[in-house]
Ligand code: HEM
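In our numbering, the protein residues as written are 205 to 367.
Structure below.
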């Protein structure tokens, strides 16, 4: 039956949207934890390996999720009849842009940190710019993390927000 198929398609889309959100949040938190722990005091070889994996995880998991999230989200809203001008959706999309504005520099910072660690000879200390970059990397993670938590709440509660 047509209506039954439409419901199944909607649920499949919603499942993809939710799985993608867990990938986005989980990979972000996991790589941040791993990177922060090793960059506090880890040996150079460990930093090199973790930096490489953090960059790879961002390409493999976070980047696809960053694209899938708004595409499936807007699609869900259209099928379900939630106007894209509803307060909760406008706020979620605005926050998503803010989160993205924190994440894009983080990607470049991670690549720079990987390069610096790879180029530093064994037994030598990492240059001061590495520490500066790692501080920025850490600082930018917080607003991104908080923004995603608020988006999760907006998605689940769908509050009436008058803008
Ligand atoms: C950026 C644009 C986004 C749009 C337009 C959007 C849109 C939507 C819509 C319309 C729903 C309702 C589905 C339903 O209740 O049947 C939904 C659900 C959901 N969204 Fe998003 N979303 C976006 C981003 C995100 C992000 C960034 C996350 C988290 C990282 C997220 C997590 C969720 C979750 C967990 C649900 C399920 C809520 C529930 O079933 O109660 N969404 N989204």
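C-beta atoms are modelled at their ideal positions from N, C-alpha and C, and glycine is treated no differently.
These numbers come from a predicted model, not from an experiment.
- In the displayed model, residue 365 falls within coil according to three-state DSSP, outside both helix and strand.
- Just so you know, the alpha carbons of residue 341 and residue 303 end up roughly 13 angstroms apart.
- If you check the CB distance, residue 358 and residue 293 come in under 9 angstroms.
- Here the alpha carbon of residue 319 sits roughly 37 angstroms from the alpha carbon of residue 278.
- Secondary structure at residue 290: coil, using DSSP grouped into helix, strand and coil.
- Listed in chain order, the non-local C-beta contacts of residue 240 below 7 angstroms within the same chain comprise 342, local neighbours out to five positions each way being set aside.
- When secondary structure is reduced to three states using DSSP, residue 327 falls in the coil class, being assigned neither helix nor strand.
- Taking each of 327, 299, 219, 228 in turn and checking the Cα distance to residue 354, the smallest one comes out for 299.
- In the structure shown, residue 247 falls within a coil segment according to DSSP collapsed to helix, strand and coil.
- Residue range 267–284 is occupied by the alpha helix (DSSP H) that includes residue 277.
- Taking all protein chains shown into account, residue 228 has 16 or more neighbouring C-beta atoms within 10 Å of its C-beta and is therefore buried.
- Considering only 322, 224, 364, the residue with the shortest C-alpha distance to residue 290 is 364.
- Taking C-beta atoms as the reference points, residue 232 and residue 352 count as a pair closer than 9 angstroms.
- The stretch 317–337 makes no contact with the stretch 213–226, as fewer than three CB pairs between them are under 8 angstroms.
- Each residue's CA atom was taken as its position, placing residue 266 and residue 314 some 13 angstroms apart.
- The beta carbon of residue 250 sits closer than 7 angstroms to the beta carbons of 242 from its chain, once the five residues preceding and following it are set aside; these are given in chain order.
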